Amino acid sequence: MSQKALFLKKALGPFVVASAPIPKPGPGQVSIKVISAALNPVDWKIQAFDFGVKYPAIIGADIAGDVEEIGEGVQGFSKGDKVFCQGSFVNEMAGFQQYASNPAEIVGKIPSNIDYAQASSIPAGFTTAAIGIMSKNGLALNPSFDANVSFSGKPAFVYGGSSSVGQYAVQVFRLLGFSTIITYSSARHTDFLKSLGATHVIDRAEVSVDNLAEVVKKFANAPIENAFNAIGDDGSRAACFDSLAEGGKLADVNSQAKDKDGKKVFTIFGSPHAPQNKEFGRILWKHLPGLVQDGTIVPNRVEKLPNGLAGIDDGLKKMKANQVSGVKLIAFPQETV
Ligand SMILES: NC(=O)c1ccc[n+]([C@@H]2O[C@H](COP(=O)([O-])OP(=O)(O)OC[C@H]3O[C@@H](n4cnc5c(N)ncnc54)[C@H](OP(=O)(O)O)[C@@H]3O)[C@@H](O)[C@H]2O)c1
Numbered sequence: 021m022s023q024k025a026l027f028l029k030k031a032l033g034p035f036v037v038a039s040a041p042i043p044k045p046g047p048g049q050v051s052i053k054v055i056s057a058a059l060n061p062v063d064w065k066i067q068a069f070d071f072g073v074k075y076p077a078i079i080g081a082d083i084a085g086d087v088e089e090i091g092e093g094v095q096g097f098s099k100g101d102k103v104f105c106q107g108s109f110v111n112e113m114a115g116f117q118q119y120a121s122n123p124a125e126i127v128g129k130i131p132s133n134i135d136y137a138q139a140s141s142i143p144a145g146f147t148t149a150a151i152g153i154m155s156k157n158g159l160a161l162n163p164s165f166d167a168n169v170s171f172s173g174k175p176a177f178v179y180g181g182s183s184s185v186g187q188y189a190v191q192v193f194r195l196l197g198f199s200t201i202i203t204y205s206s207a208r209h210t211d212f213l214k215s216l217g218a219t220h221v222i223d224r225a226e227v228s229v230d231n232l233a234e235v236v237k238k239f240a241n242a243p244i245e246n247a248f249n250a251i252g253d254d255g256s257r258a259a260c261f262d263s264l265a266e267g268g269k270l271a272d273v274n275s276q277a278k279d280k281d282g283k284k285v286f287t288i289f290g291s292p293h294a295p296q297n298k299e300f301g302r303i304l305w306k307h308l309p310g311l312v313q314d315g316t317i318v319p320n321r322v323e324k325l326p327n328g329l330a331g332i333d334d335g336l337k338k339m340k341a342n343q344v345s346g347v348k349l350i351a352f353p354q355e356t357v
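Quick note on numbering: this note's numbering labels position 323 of the sequence shown as 343, and the sequence is numbered without any gaps.
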């Protein structure tokens, strides 16, 4: 049996829709009919810079769909369950195809208050924020998702709140009870970011990166001990370090980020498949569906792409050209002709 998948057949080559075998779930895995798959910046970066995959490669990190087949030893899932999960850049587990498999322990049932597209906007973005802020590989503020942990009275800063990861970072700080959550974004996202928990949204057009730390510190009710950089370039990191109090800690999406002036940086590898994140990933997936169902974690706003798997290329080009603002682009692999 074959399916359609979006391939990068060689390094730096084009995306091509072609046939691929339908993955069979291994022990402990389920296979999923992929209804929606979200796009992430790493997808265009892999094509442009060639890293992290074996060719011919299928990529795509965010999956929502229906359980198709259940592997040996899996309990708690039935064929047809609506599920979401974070894929991995191993062909069988990637999102840009019509069927994918994934370890069942990091698959969640889609809460009844969201649809497939919204569900697929959550896994990679939320996981990156949660690993950076909550896990032992990040700021370590709540590695066990303990509901009694609270940072009430404390301030936090998120650089790039309107990005997909930034929206989840704002929400994770809210989940942890931070009283003041300051973020930096285009002004058009202010109301939405406030609905997610931001207490102060600093307009990128009004305050330059060079003057940002001064403004952040003015809004903070106390010295800032924790910050999250969802953008990861040098300017954003400098603003984050300057906003932090002495001895403060920064979680950063850029793997090359380095400590500065006694302020520690935790670089994030935002995948529950990575050996160092496996334990936290299992805990995360036990809690995430419930947090979405009760409205504590809200999906990104979504923009639906046409043309099934073939439409992903145009979406990634928009993302690369910085033309995506505050929304997650979503493809629908079953609509591939
Ligand atoms: N380390 C990891 O494991 C990991 C995981 C996921 C993502 N990432 C990285 O994290 C970054 C964000 O990913 P994403 O999926 O969240 O991206 P995204 O949603 O596609 O990012 C687009 C958003 O970024 C904002 N933005 C761009 N440049 C900015 C700047 N200089 N200052 C403030 N905001 C800025 C834009 O804001 P406006 O609307 O205000 O223009 C836009 O809303 C990417 O570099 C990605 O590769 C890393």
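Ideal Cβ positions, reconstructed from N, Cα and C, are used throughout, including at glycine.
None of these values were measured; they are calculated from a predicted model.
Problem set entry | Candidates Val229, Asn168 and Leu336: closest to Lys65 by CA position | Locating residue 65 in the sequence shown gives position 45, where the first residue counts as 1. For Lys65, the nearest C-alpha among the options comes from Leu336.
Exercise. Which one of Gln187, Ala189 and Ala240 has the shortest CA to CA distance from Asp199?
Worked result: Taking the first residue of the sequence shown as 1, we reach residue 199 at position 179. Contrary to the premise, residue 199 reads as Ser rather than Asp in this sequence. It is Ala240.
Problem set entry | Local conformation of Thr287 per DSSP, three classes | Looking up residue 287 in the sequence shown gives position 267. Here Thr287 sits in strand by DSSP.
Exercise. Which residues in the same chain as Ser275 place their Cβ atom closer than 6 Å to its Cβ, once the five residues preceding and following it in sequence are excluded?
Worked result: On the sequence shown, position 255 is the one that residue 275 refers to. Answer for Ser275: Thr287, listed in chain order.
Exercise. With a Cβ-Cβ cutoff of 7 Å, do Phe109 and Gly152 count as a contact?
Worked result: As a working mapping, residue 109 is identified with position 89 in the sequence shown. As a working mapping, residue 152 is identified with position 132 in the sequence shown. Contact: no.
Exercise. Are the beta-carbon atoms of Tyr179 and Ile251 separated by less than 7 Å?
Worked result: As a working note, residue 179 is residue 159 in the sequence shown. As a working note, residue 251 is residue 231 in the sequence shown. Their beta carbons are under 7 Å apart, which means Tyr179 touches Ile251 by this criterion.
Problem set entry | Integer Cβ distance of Ala233 from Ser263, believed to fall under 8 Å | By one-based count along the sequence shown, residue 233 stands at place 213. By one-based count along the sequence shown, residue 263 stands at place 243. Going by Cβ atoms, the distance from Ala233 to Ser263 rounds to 4 Å, so yes, they are a contact pair.
For this session: With a cut-off of 8 Å on the beta carbons, I'd call Ala58 and Asn111 a contact; round off their distance for me.
Result: Translated into positions along the sequence shown, residue 58 becomes position 38. Translated into positions along the sequence shown, residue 111 becomes position 91. Actually they do not touch by this definition, with Cβ atoms about 18 Å apart.
For this session: Drop a sphere of 10 angstroms on the beta-carbon of Pro41, count the other beta-carbons inside from all chains shown, and report buried for 16 or more, exposed for fewer.
Result: Here residue 41 corresponds to residue number 21 of the sequence shown, with the count starting at 1. The residue in question, Pro41, is exposed, as its Cβ has fewer than 16 Cβ neighbours within 10 Å.
For this session: Can you grab the Cα-Cα spacing for the pair Pro163 / Arg224, in whole Å?
Result: Along the sequence shown, read from residue 1 onward, the residue named residue 163 stands at position 143. Along the sequence shown, read from residue 1 onward, the residue named residue 224 stands at position 204. Rounded to whole angstroms, Pro163 to Arg224 spans 32 Å at the Cα level.
Problem set entry | Anticipated Cβ contact below 8 Å, Val192 with Ala144, distance rounded | As a working note, residue 192 is residue 172 in the sequence shown. As a working note, residue 144 is residue 124 in the sequence shown. Between Ala144 and Val192 the Cβ distance is about 14 Å, and since that is not below 8 Å, they are no contact.
For this session: Kindly say whether Gln67, judged by its beta-carbon, lies nearer than 7 Å to any beta-carbon of chain C.
Result: Checking the listed chains, one finds no chain C in this structure; it contains a single protein chain.
Exercise. Exposed or buried, what is Tyr188 when buried is set at 16 or more other beta-carbons lying within 10 Å of its beta-carbon?
Worked result: Numbered from 1 along the sequence shown, position 168 holds the residue referred to as residue 188. By the neighbour-count rule (16 or more Cβ atoms within 10 Å), Tyr188 is buried.
Problem set entry | Three-state class that DSSP yields for Arg302 in the structure shown | Position 282 of the sequence shown holds residue 302. Arg302 falls in the helix class under three-state DSSP.
For this session: Tell me whether Glu88 is buried or exposed, calling it buried when 16 or more other Cβ atoms sit within 10 Å of its Cβ.
Result: Position 68 of the sequence shown, counted from the first residue, corresponds to residue 88. Looking at its Cβ environment, which holds 16 or more other Cβ atoms inside 10 Å, Glu88 is buried.
Exercise. Between the beta-carbon of Gly128 and the beta-carbon of Phe97, is there less than 7 Å?
Worked result: For the purposes of this step, residue 128 is taken as the residue at position 108 of the sequence shown. For the purposes of this step, residue 97 is taken as the residue at position 77 of the sequence shown. No, Cβ-Cβ distance for Gly128 and Phe97 is not below 7 Å.
Exercise. So, Asn246 versus Lys283, is the Cβ gap smaller than 7 Å?
Worked result: Sequence index remark: in the sequence shown, residue 246 carries index 226 (1-based). Sequence index remark: in the sequence shown, residue 283 carries index 263 (1-based). Cβ distance not < 7 Å, so Asn246 and Lys283 don't count as in contact.
Problem set entry | One or two residues paired with Gly85 in a DSSP bridge | Here residue 85 corresponds to residue number 65 of the sequence shown, with the count starting at 1. DSSP lists Val54 and Val103 as partners of Gly85.
Exercise. Does ligand 1 have even one heavy atom less than 6 Å from the beta-carbon of Thr148?
Worked result: Taking the first residue of the sequence shown as position 1, residue 148 is located at position 128. Indeed, a heavy atom of ligand 1 lies less than 6 Å from the Cβ.
Problem set entry | Reduced DSSP category for Glu226 - H, G, I as helix; E, B as strand; rest coil | Along the sequence shown, one-based indexing puts residue 226 at 206. Three-state result, Glu226: coil.
Exercise. So the beta strand (DSSP E) Tyr136 belongs to, where does it begin and stop?
Worked result: Against the sequence shown, residue 136 aligns to sequence position 116. Here Tyr136 belongs to no beta strand (DSSP E); instead the alpha helix (DSSP H) covers Tyr136 to Ser140.
For this session: Give me whichever residues DSSP pairs with Arg321 in a beta bridge.
Result: Translated into the one-based positions of the sequence shown, residue 321 becomes position 301. Val347, per the DSSP bridge assignment.
Problem set entry | Test item: CB-CB of Ile350 and Val312 under 7 Å | Locating residue 350 in the sequence shown gives position 330, counting from the first residue. Locating residue 312 in the sequence shown gives position 292, counting from the first residue. Not in contact: Ile350 and Val312 (Cβ atoms no closer than 7 Å).
Exercise. Can you tell me whether DSSP reads His293 as helix, strand or coil?
Worked result: Taking the first residue of the sequence shown as 1, we reach residue 293 at position 273. His293: coil per DSSP, three-state reduction.
Exercise. Under the criterion of a Cβ to heavy atom distance below 6 Å, does Val344 qualify as lining ligand 1?
Worked result: Walking along the sequence shown from the start, residue 344 turns up at place 324. Result yes, Cβ under 6 Å from ligand 1.
Problem set entry | Segment limits, alpha helix (DSSP H) that includes Gln191 | In the sequence shown, residue 191 corresponds to position 171, counting from 1. That run of the alpha helix (DSSP H) goes Ser184 to Leu195.
Exercise. Since Ser39 sits in a beta bridge, which residues does DSSP pair it with?
Worked result: What you label residue 39 is simply residue 19 of the sequence shown in a count that begins at 1. Its beta-bridge partners are Lys24.
For this session: In the DSSP assignment, find the alpha helix (DSSP H) that holds Ser263 and state where it starts and stops.
Result: By one-based count along the sequence shown, residue 263 stands at place 243. Where Ser263 is concerned, the enclosing alpha helix (DSSP H) stretches over Asp254 to Ser263.
For this session: Might you give, ordered along the chain, the residues of its own chain that have their beta carbon closer than 6 Å to the beta carbon of Lys238, omitting 5 neighbours on each side?
Result: Position 218 of the sequence shown, counting from 1, holds the residue named residue 238. Result list for Lys238: empty, nothing under 6 Å.
Exercise. Going by Cα to Cα distance, which pick from Ser184, Phe35, Asp272 and Pro45 is closest to Gly93?
Worked result: As a working note, residue 93 is residue 73 in the sequence shown. Closest by alpha carbon: Pro45.
Problem set entry | Endpoints, the beta strand (DSSP E) within which Ile79 is located | The residue labelled residue 79 in the question sits at position 59 within the sequence shown. Unbroken run through Ile79: none, as it is neither H nor E.
Problem set entry | Reduced DSSP secondary structure (H/G/I, E/B, other) of Ser121 | Against the sequence shown, residue 121 aligns to sequence position 101. Strand at Ser121.
Exercise. Which of helix, strand or coil does DSSP assign to Ala167?
Worked result: Sequence index remark: in the sequence shown, residue 167 carries index 147 (1-based). DSSP places Ala167 in coil when its eight states are reduced to three.
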